[in-house]
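What follows is one structure encoded as structure tokens, with my remarks underneath.
Number of protein chains: 2
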Amino acid sequence: TGFFGCFGSDVDAIDYYKSEIEKIGKEEAEEHKKVMKDPKSIMPAAFVSFRSRWGAAVAAQTQQTSNPTVWLTEWAPEPRDVYWNNLSIPFVSLTVRRLIIGVAFFFLNFFYVIPIAFVQTLANLEGIEKALPFLEPFIETPSIKSFIQGFLPGLALKIFLILLPTILMFMSQFEGLVSQSSLERRTASKYFIFLFFNVFLGSIVTGSALEQLNTYLHQSANDIPRVIGVAIPMKATFFITYVMVDGWTGVALEVLRLRAFIMFHLKNFFLVKTEKDREEAMDPGSICLYWSEPRIQLYFLLGLVYAVVTPLLLPFILVFFALAYVVYRHQIINVYNQRYESGAQFWPNVHLRIITALIVSQLLLLGLLSTKGLEEATPALLVLPVLTIWFHKYCKHRYEPAFVRNPLQEVMRKDTLERARERNFDLKAYLADAYLHPVFKSNEVDKFYVADDPGAVEVIVPTKRRSRRITPVQSEDGGSDRLSVMESVQER
Amino acid sequence: TGFFGCFGSDVDAIDYYKSEIEKIGKEEAEEHKKVMKDPKSIMPAAFVSFRSRWGAAVAAQTQQTSNPTVWLTEWAPEPRDVYWNNLSIPFVSLTVRRLIIGVAFFFLNFFYVIPIAFVQTLANLEGIEKALPFLEPFIETPSIKSFIQGFLPGLALKIFLILLPTILMFMSQFEGLVSQSSLERRTASKYFIFLFFNVFLGSIVTGSALEQLNTYLHQSANDIPRVIGVAIPMKATFFITYVMVDGWTGVALEVLRLRAFIMFHLKNFFLVKTEKDREEAMDPGSICLYWSEPRIQLYFLLGLVYAVVTPLLLPFILVFFALAYVVYRHQIINVYNQRYESGAQFWPNVHLRIITALIVSQLLLLGLLSTKGLEEATPALLVLPVLTIWFHKYCKHRYEPAFVRNPLQEVMRKDTLERARERNFDLKAYLADAYLHPVFKSNEVDKFYVADDPGAVEVIVPTKRRSRRITPVQSEDGGSDRLSVMESVQER
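Chains A and B supply the protein sequences, listed in that same order. So that you can map any letter, position 93 of the first sequence is 93 in UniProt numbering, and since no number is skipped, the others follow by simple counting. So that you can map any letter, position 449 of the second sequence is 449 in UniProt numbering, and since no number is skipped, the others follow by simple counting.
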């Protein structure tokens, strides 16, 4: 205390920190009050809770006002799933953001090579020697020099590819989606598109997506599948290597969790001071669906494309999927601490990508066969993509409502059950802090300990997981689906 | 009576016909009963009426069961609008039909020239002389021969083009849509696509759609707008003629109603026996939206495409639209007897086609400018279609619910108003025969006279129309929106 602890009155340390905590606590409370009163922090969006699940389901699925721009309702994500930063974005701004990100993603996908090539020209040996002259004697050692010369050119690209999912995630966040789950879904779609153009087609046509774009624009619609189709059988060995190097190794790395291991020990060494800190450092986090799912689908695409052309590739894909099944099953049950449950919301996206992969494989097969002198097969094969698209439309029309809407029969059944079982259930107290911005949650510490109580949670799948930090109790009793509808009040 | 009226007992004519009517009436009643009892005539679809508009709106907009394939609800079309033949088609069959019609329409659009060319080769002079040798001396007269030779080749095509909207309507009916209004909308879309490829692009690229298809498949995506764009300015005079011949004349013919005039006099001469028959013969029918609307949109497309390239075309288009406005306004108010009201359901389709026309005009302008040595303008112009597509998405997302859903606020207001005003309103009696298959309607004749009562209907726009045969009274009091939800019970 005092100036550098050198002069000033002696104060008991415990007393001092107590008063400090009090001061900070007061400031926090004042800040809370200020935020509560400030008209600027009133958002054009709100969570509305209903007395019954039925009411919530009706409000979420119907339109409220005759002017469709005034009030919009949608089913709220579960409390843990809310992405609070994006809640207050007005509708018009949302669509503008979507446009901007759409254009930006197009450029990222097709023109990302340009800035990387630029960085690569800078990051050669001479450039480093000029910028950091004291490294010169070190670099000029022959063995190190050859190593750097072999390694450096690809470095910028490697770093970019590692950072890519994070960049895409930022783009999705800028788009203004309001839940973690929808953010992950959107990012996964973007990542799959990138992988499709830059890894799959990029390896076959051997050129960056930018060069491909040129090809697509200047070749006829007839020639594109032909050009790609012809190149496919030649690239089979490359993709076998790719499956082994990227796929098998990727799965092995996933189960090793090398990064998490290193991070934990670093944190443990430098940051951990209390038991709670250690617990936090141990937290494995959520599974990165937007990173792992598109890669798995890329292998699915490879399998479909090569199933007819070079079946030799299939065993490798099969081994990959068997490995991935075992590993990811283990990781999900025993390691990861899923941040939210979205109720199979991911599946329609996966389905769409499988259909896309099917159509791509059919078109490429068409192109390949037409160059092998089997033009007669074309009309028969053309039926395939038409039927596939039709099947997709049928599924979308028929089964998608099950993923998007909450059926009234189901909610009514739950409502009735609950009313019969728990007559004295205090709904208001239960709902009071269900959808509270994390900042306003005062009882976070208590919750943490409650959540760790093994009796409080019902674990259906036996798991060896220890940390349950992010999972609050409330969401485990299946009652959170009544906290439901998000309403956006729009200013015209 | 008896055998050729020659022998048998004498019966009074009035008595005889009375007994005949009785007999037929009994048979009809028995047939009714049989149909009512027959389990085969139970349909997997039903109209459900609700006690309040609110209940109907909720049921129509929400999902009922957890299995999305069991129960489907949608807002019912108004009673006059129901297309009864298609009500009982199960879901799977519907999607199969849609696929079949999609493929069939593709072939109709691109390959319709083949059968017509085949018919034309048959229908030359020699063919006729061979088939009908007694016509030979008549045909061989020089003046008649030259007339036929000039006229015959185009005849098959002309007949096909006149029949086309009807053919497309049959296709839409086969698709299984359940209301007249949706049938007209679907047919209008098909007709517009046909006009776009075969009239607009067909005139510019000068080739049938089949030849165009070949071009599109074998040219690069870059070249197609360029090829078409270059041809556009050259075709301006042709389209000016087209607007005058087809557009202006078409509008003039519309106001003349020559066909209806001839048909009425033919009917009047041969068929009309009672006053009711004459009334029926006078009935002008519904306006053919699926026939007239796509043609108007074609002129809109022409206007957009030529606005920048050859503004000389614009006055002609303007005159056409002025004429069309005056004529169609008059026809709708004073002549046609609209069969149904769908509540501006047509507008989203029109909007979509306007957007399509905009994008087409922008792409063609791009192609044209890039050949005139203005490649630098391309990036700036590319922004236009992107922004247009974005605008369309924005509108669809934001305003389409207003056309598809019935807002709860509105229905609640109407419910409350009605409950306050008409306390003793007998809902059950009112609803009893609201959605009755026309066959089961016993009181059709009475209704006809009631409907003609000028006091019973509230006409907002003053009209000179006399016949009001198809418009039953019930739909004029604004209460029909409560007869609402159609439910399909699907067998899995």
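Beta carbons: idealized from backbone N, C-alpha and C, even for Gly.
- Setting aside the 5 residues that flank it on each side, A/V272 is surrounded in the same chain by R278 and A281, each with a C-beta closer than 6 angstroms to its C-beta; the list follows chain order.
- Closer than 7 angstroms at the C-beta level to chain A, one finds these residues of the region 211-231 of chain B: Y216, L217, H218, Q219, S220, A221 and N222.
- Boundaries for A/T388: no beta strand (DSSP E) harbours it, while the alpha helix (DSSP H) harbouring it runs A377 to Y399, taken from the DSSP string.
- DSSP places A/V48 in the strand class (E or B) of the three-state scheme.
- In terms of Cβ geometry, B/V82 and B/V178 form a close pair [threshold 8 angstroms].
- Contact annotation: A/F200 and A/L99 have beta-carbon atoms that are not nearer than 8 angstroms.
- Counting along the chain, B/W54 sits inside the alpha helix (DSSP H) bounded by residues R53 to Q61.
- Here the region 105-115 of chain B makes contact with the region 187-201 of chain B; the two share three or more CB pairs at distances below 8 angstroms.
- A/E78 is not a Cβ neighbour of A/Y290, given a cutoff of 8 angstroms.
- If the five residues before and after B/F321 are omitted, its C-beta is found closer than 6 angstroms to no C-beta atom of its own chain.
- With contacts defined by Cβ atoms closer than 8 angstroms, B/G367 and B/G229 form a contacting pair.
- Counting the other CB atoms within 10 Å of its CB gives A/G373 a total below 16, which places it among the exposed residues.
- A straight line joining the alpha-carbon of B/L363 with that of B/P225 spans about 6 angstroms.
- For A/E410, the C-beta contacts it makes with chain B under 7 angstroms involve S66, in order along the chain.
- Interface flag for A/L99 against chain B is set, since a Cβ pair is found closer than 8 angstroms.
- Interface flag for B/W347 against chain A is unset, since no Cβ pair is found closer than 8 angstroms.
- In this structure, B/Q297 and B/A357 form a Cβ contact; the two beta carbons are roughly 7 angstroms apart against a cut-off of 8 angstroms.
- Among the CB atoms of chain B, none fall inside 8 angstroms of the CB of A/Y112.
- In terms of Cβ geometry, B/P284 and B/Y328 do not form a close pair [threshold 8 angstroms].
- In the displayed model, B/S370 falls within a helix according to three-state DSSP.
- Against B/A57, the close residues of chain A are T62 and Q63, in the order they occur along the chain (beta-carbon pairs closer than 9 angstroms).
- By the neighbour-count criterion, in which a residue is buried when 16 or more other Cβ atoms sit within 10 angstroms of its Cβ, B/F239 is buried.
- A/L384 is the residue among A/F91, A/M263, A/L163 and A/L384 whose C-alpha sits nearest the C-alpha of A/V360.
- Under the Cβ criterion (8 angstroms, minimum of three pairs), the region 107-118 of chain B does not count as touching the region 401-408 of chain A.
- Within the model, the alpha-carbon separation for B/G176 versus B/E375 is close to 48 angstroms.
- Residue state for B/V178 is assigned as coil, using DSSP reduced to three classes.
- For the pair A/I116 and A/M412, the Cα-to-Cα distance works out to about 57 angstroms.
- The C-beta distance from A/V243 to A/I317 rounds to 6 angstroms, short enough to meet the 8 angstroms contact threshold.
- At a cut-off of 8 angstroms, the C-beta of B/R339 has no neighbouring C-beta in chain A.
- For A/Y394, the chain B residues whose Cβ falls inside 7 angstroms of its Cβ are T95, in order along the chain.
- In this model, A/T371 and A/L382 are separated by some 15 angstroms (Cα to Cα).
- Assignment of B/S342 by DSSP, reduced to helix, strand and coil, places it in the coil class.
- Under the DSSP assignment, A/L72 falls in the beta strand (DSSP E) whose first and last residues are W71 to W75.
- Residue pairing by DSSP places B/V82 opposite B/S179 in a beta bridge.
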